[in-house]
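Residue numbers for the sequence shown follow my numbering, beginning at 581 and rising by one.
Note that beta-carbon positions come from the ideal geometry of N, C-alpha and C, so glycine has one too.
Notes to accompany the following structure.
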Amino acid sequence: MKRREFLFKSAMMGAGMILSPELMRAGNKAVGANDKIRVGLIGCNGMGFSDLSTFLDNPEVECIALADVDQSVLDRRVADVEKRTGKKPKAYKDWRKLIDNKHVDVVIIGTPDHWHCLQLVAACEAGKDVYCEKPLGNSIEECNIMVRAAEKYNRVVQVGQWQRSDPHWQDAVDFIRSGKLGKIRTVRVFSYQGWCPSIPVKPDGPAPDGVDYDMWLGPAPKRPFNPNRFHFTFRWFWDYAGGLMTDWGVHLLDYALYGMNVTAPNSIMASGGKFGYPDDACETPDLLQTVYTFNDFTVMWDHAIGINDGAYGRTHGLGFVGENGTLVVDRGGWEVIPENVNGKARMEAVPLHKAYGGGGLDLHVKNHLQCIKDRTPEKCHASIQIGAHIAKFSHLGNIAYRTGKKLTWDGTTFHDAEADKYLCKEYHNGWKLPKV
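So this is what it looks like as structure tokens:
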């Protein structure tokens, strides 16, 4: 198997997910160019509602349903949609009822990472297109299953890696591939999140009134309710997510691979820990360096929580370090810093090319809507194949960190028993890993 093909094939078989008869409506209804596109949102408290709001900026979109396990969030978002559109969407505490709604054309998934696989597969099987927040899946095997579901049912799936639609990122890639930087020896990828505070330890307690906590847990291990594991901060606990490595890594590492036009590394190793906040509640590391080694260059991931000063005077971004100069890109734009040897620059500096003012999410949603109308899933800027690929690449870094080993990966297995156990998460509480 060629490493550059990075063929993440199925590593293990899972039990089938039990579906209601309605979920088996695997239709392939096309949306007419002048028809309303009716959307439903699962997970309404954070980025999911931002996604929905951007969908609603487009006149052909109508929101007809919302689902959330937190009644207070659900009530607030129903009111927000009604105020904006003049129409009150249906409200569900159980996301499966939203999937069962035959009038929903597109499902937006804004739930914690551990729910993405079940919800996306169910939506695809029900004949609905999907906009799924990143990272696509909470394990390598979940990503494989989700790709198979989208392909089997011919659904138009966009993953929420909106930088793929922001023009200045593509401009930077074009410059990188022009060869002007000379041979690129390494790509420095960094995410320093000084705004993110330490999470103090809090005692377990009862779930807030109106919260269906068992449904929030879903396939994750049964645990008492703890406010640190709920809403935004779920991402710092291994049961539900992968910390900054998968939260920001899918955005930034994606462009390291895209810019270098590569896929699979020869090896992965990582080092880090809870160095800034050793006694807080988080499980994922607050500092981590991961090195992906390719044939003739490396990609180096570097993140820190509670510190803002990353590299090149930025909090996040990438530095493509070439022999003639370094291209630096982040959400604010891109520039080229010449390599100086003995006081002589090897190339001309390129001043900052500022980013598109809209932020990219608006263009990302427009791209998805057009692909839905045209029934062209392959033209999604962050197709499910792209989203799965970079989610798995990010998971490789976490697995190297959790095992403390230098790992090799052939697209299916690490050939290491300790590492291979992280390929798939065990499902709990009666939920089954979907079988596609």
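One or two residues paired with residue i in a DSSP bridge
i	result
Cys712	Ile689, Val739
Ser847	Thr873
Gln1081	Nothing can be reported for residue 1081, as the shown portion of the chain is limited to 581 through 1016.
Val619	Cys643, Val686
Lys670	Ala645
Trp881	Val769, Thr870
His896	Ser771
Trp914	Val909, His933
Val901	Thr766, Thr906
Asp650	Val791
Ala925	Asn920
Leu987	Ile848
Gly853	Leu867
Alpha-carbon spacing of residue i relative to residue j, whole angstroms
i	j	result
Asp693	Pro715	7 Å
His948	Arg618	14 Å
Lys763	Asn718	35 Å
Gly790	Ala980	39 Å
Asn808	Ala787	12 Å
Asp637	Asp674	27 Å
Tyr1002	Leu867	21 Å
Lys663	Pro669	11 Å
Arg955	Ser963	13 Å
Trp828	Lys924	36 Å
Asp655	Leu987	47 Å
Lys616	Ile725	30 Å
Met795	Arg926	59 Å
Trp1011	Glu640	36 Å
Met880	Ala997	25 Å
His683	Cys862	41 Å
Asn978	Pro845	15 Å
Leu833	Val769	7 Å
Glu731	Gly967	14 Å
Val930	Thr895	20 Å
Asn841	Arg911	20 Å
Asn904	Thr864	37 Å
Ser778	Tyr672	34 Å
Glu705	Tyr733	6 Å
Phe805	Gly623	18 Å
Thr634	Tyr1007	33 Å
Tyr936	Asn1009	45 Å
Ala606	Lys677	Confidence in Ala606 is poor, its pLDDT being 38 and thus under 50, which makes the residue's placement unreliable; the coordinate value appears in the next sentence. Going from the Cα of Ala606 to the Cα of Lys677 covers about 16 Å.
Ile720	His975	7 Å
Cys951	Asp709	10 Å
Gln699	Gly690	10 Å
Leu797	Glu915	44 Å
Thr766	His944	29 Å
Ile848	Phe810	31 Å
Val818	Val661	The residue you asked about is not Val; residue 818 is Trp in the sequence shown. For Trp818 and Val661, the distance between alpha carbons rounds to 33 Å.
His831	Gly666	35 Å
Ala999	Tyr892	34 Å
Buried/exposed call for residue i, threshold 16 Cβ in 10 Å
i	result
Lys972	buried
Val658	buried
Gly839	buried
Glu928	exposed
Val901	buried
Phe812	exposed
Trp775	exposed
Gly785	exposed
Asn888	exposed
Tyr771	This sequence places Ser at residue 771; Tyr is not what is there. Buried is the call here.
Asp650	buried
Pro1014	buried
Lys1005	buried
Lys782	exposed
Asp876	exposed
Pro799	buried
Glu958	exposed
Leu603	Its pLDDT being 39, under 50, Leu603 is placed unreliably by the model, and the measurement read from it follows with that caveat. Buried: at least 16 other Cβ atoms inside 10 Å.
Asn625	buried
Asp648	buried
Ser652	exposed
Arg744	buried
Asp754	exposed
is_contact[residue i, chain B] using C-beta, thresh 8 Å
i	result
His948	Chain labels in this structure do not include chain B; a single protein chain is all it has.
Any 3 or more C-beta pairs closer than 8 Å across the region 749-759 and the region 860-875: no
Contact the region 849-866 vs the region 919-938: 3+ CB pairs below 8 Å: no
Inter-stretch contact (C-beta, 8 Å, three-pair minimum) for the region 702-714 and the region 735-744: yes
Segment contact flag, the region 879-897 with the region 985-1002, C-beta cutoff 8 Å, min 3 pairs: no
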